[in-house]
Amino acid sequence: MNIFKDFQNNIKEIITKLSEEGTLERDLDLANITVEPPRDPSHGDVATNAAMVLAKQTKMKPRDIAEIIGVKIRALDSVSEVEIAGPGFINVRFCSSLIQKEVIAIIEAGLDYGRSTIGGGEMVNVEYVSVNPTGPLHVGHCRGAVFGDALSTLLDHVGFAVTREYYINDAGGQIDVLARSAYLRYLEALGEVIDEIPEGLYPGEYLIPVGNALAEKYGDKWKNKPESEWLIDIRDFATDKMMDLIREDLDVLGIHHDVFFSELSLHKNGDIQKGLERLEQKGLIYQGVLEPPKGKLPDDWEVRPQTLFKSTEFGDDVDRALKKSDGSWTYFAADVAYHSNKYDRGFKKQIDVWGADHGGYVKRVQSVLKALSDGNAELDVRLCQMVKLLRDGKPAKMSKRSGNFITLRDVVDEVGKDVVRFIMLTRKNDAALEFDFSRVSEQSKDNPVFYVQYAHARVHSVLKKAQAAFNNIDVSEASLIKAPLSLLNDESELMLLKTMINWPRIVQSAALAHEPHRISYYLFDLASQFHALWNKGNDRVDLRFIIEDNEQITLARLAMIKAFSIIIAAGLNLLGVEPLNEM
RNA sequence: GAUCCCGUAGCUCAGGUGGAUAGAGCGCAAGAUUCCUAAUCUUGAGGCCACAGGUUCAAAUCCUGUCGGGAUCACCA
């Protein structure tokens, strides 16, 4: 299935055999040997550093080892050329037939080309979005949402058992604020005049329908009643409504979670105590006093004994508090329970996707998982940096509290789901991202979404054109895999094919590194090779995809671009973007 | 003061867990449309990979330090 993987096995076999024969030493460590396509294509289709890695172990000169191994590699059927270069690289050129045949594999596998099982069915929990249920999603949330979603798809694609999870922060003080804000809207719905939303409450208009619904459900039951009577009912009601709102927003982006996990439930059923007990058994909890933070002190700083977790034993800077001064649990305490819960559900691989403003929080949560699992489980926290929203280069402001922030809905309505998703994945997560409305709606190369989509649409157009040109030529998949692929001989055609066969490697590396943006870059690159090939047909008529008096070569090329469009479509699918046939 | 992230072409950014002569887009300069969508393509100029040390056959990549930019910094979420 994967040419490079096969080839790597070939090389390792060769080395093992040589060492069994006594040509090379025994018990060689092959772990650091890589078999990869070199950056510079003039160095061949694949190169290995085997000779250099083995040089020290065997006390031989790298180039001498390379010669020995090279001879054996040359004998392989799939290889057309071997050359020893530089300090001892073995550069290999594949037979064209090997590359051409891959077109069949691609067409047969369809959108599953690139799928693999290296995850071995291992359970992975990806927690993302997890926005406080106090209002609609705004642009800033968008990035983490898309990132987490694409990463999940990617992991699923390489054989992990992925659970997509949303942690609902429905237990903190912000939820009471939500309840009070909703209460105000409730009074408003009952006919009271609310001039201005008081400072500290959520002013957003999205709470008006909540107030209406409350009025409808409860009538004037809560009117003129003290907060203690209505707080819990209204809180739960409003939280549910907000989650509905958030789910709708996510749906607009094509994002669907498997599990919505309530923080409040941890408080209610005693899971927090349970989580902490486990840390306590390991002797990691104590009563103590923290050093005041360096730099400028908070105004209300005071020395105070606290219940603390020894996160410093796991690399954190200071130990972390689990109880507030009023005796209630901290947010962190709930997180201890939450991550412990995930571990109990069998997730030894956990991924949390957070905003960069939570950077200071990473070590303590990782510490928890390390402590609970005795190092058996790992938590990777992917921090998504800020999105700078621009219009014609001018910044557009957004702030969650103000009520006049730019919502996710605003953005999706303006430029569409696919554009948002793709653009959010055009940077690695830990670099800041600029999102310029004017730029992403352009139909030009400036806009990578468009550029990639255009390549896909072009293929569709050629296939249609071909059918017209050759009366009833059969461009079905079954027909195309029988095309005479050996006719794909031009250098630029082989280049395109070589980039295509890299796809499974790209998927794997992107998944294992937790870096979905690699997919976007690959797709852009692949698309640009296609556009280049297309344009070559302007100068050289013999390179066009459709050669009217030569059905055989036309079929071969149609098979090639069909395979190409499959990879583009598969890639776009991974990103959650729909490939277009026409634009 | 501390922690985390970033520093690569004029601008915006890639660089596949250490590989060979550092890449792409925009912008700039010069070209290509009787022809499958020129919504594209071709060529060129443009670099002390922030700086200084270290690790090794090999460093933009790993380690240490310095400088610049961003985020965060007891009990908030």
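In the working numbering, the protein residues as written are 47 to 629. For glycine and all other residues, C-beta sits at the position ideal for the given N, C-alpha and C.
Check	Outcome
I'd like the list of long-range same chain contacts for K118, defined as Cβ closer than 6 Å, with 5 residues on each side in sequence excluded.	I60
Span of the alpha helix (DSSP H) holding A503?	494–515
If Q431 and L479 are in contact, beta carbons under 8 Å, what's the gap, nearest whole angstrom?	7 Å
Starting from I519, trace the beta strand (DSSP E) both ways and give me its first and last residue.	From DSSP, I519 is part of no beta strand (DSSP E); its letter is neither H nor E.
What does the alpha-carbon distance come out to for the pair E275 and G392?	40 Å
E211 and V335 - do their beta-carbons sit closer together than 8 Å?	no
What is the DSSP secondary structure of M288, reduced to helix, strand or coil?	helix
Give me whichever residues DSSP pairs with A367 in a beta bridge.	L354
Please confirm if the stretch 354–365 is in contact with the stretch 408–415, defined as three or more CB-CB distances below 8 Å between the two stretches.	yes
Name the residue from E537, Q220, S162 whose alpha carbon lies nearest to the alpha carbon of K51.	S162
Secondary structure at S65, three-state DSSP: helix, strand or coil?	helix
Among the candidates D456, A501, H502, N475, whose CA atom is the shortest distance from the CA of F483?	D456
Excluding sequence positions up to five away, which residues of its chain have a Cβ less than 7 Å from the Cβ of A616?	L157, Y159, G160
Can you name the residues that DSSP bridges to I397?	V172, D426
From which residue to which residue does the beta strand (DSSP E) around V92 run?	92–94
By how many angstroms is the C-alpha of A512 removed from the C-alpha of E628?	16 Å
Where does L436 sit, in a helix, a strand or coil, going by DSSP?	strand
Could you please give the first and the last residue of the uninterrupted alpha helix (DSSP H) stretch that includes N584?	563–585
Alpha carbon to alpha carbon, how far is E594 from T600?	8 Å
What is the rounded straight-line gap between the Cα of H313 and the Cα of D346?	28 Å
So R210 is in the beta strand (DSSP E); what residue range does that whole segment cover?	207–214
Is it right to say R467 is buried, meaning 16 or more other beta carbons lie within 10 angstroms of its own, or is it exposed?	buried
Express the C-alpha separation of V553 and K471 in angstroms, rounding to a whole number.	The amino acid occupying residue 471 in the given sequence is Leu; Lys does not appear at that position. Between L471 and V553, the C-alpha separation is close to 14 Å.
State the beta-bridge partners of Q333 as determined by DSSP.	T353
Does the structure place the stretch 249–259 close enough to the stretch 284–291 that three or more beta carbon pairs sit under 8 Å?	yes
Can you tell me the Cβ-Cβ gap for E173 and V433, rounded? I've got them flagged as a contact below 8 Å.	In fact, because the Cβ distance is near 20 Å, the residues do not count as touching under 8 Å.
In this structure, does DSSP put T453 in helix, strand or coil?	strand
Expressed to the nearest angstrom, what Euclidean distance is found between the alpha-carbon atoms of C188 and A217?	23 Å
Assign Y213 to buried or exposed, taking buried as 16 or more other Cβ atoms, counted over all protein chains shown, within 10 Å of its Cβ.	buried
Taking just the CA atoms, how far does G186 sit from Y407?	19 Å
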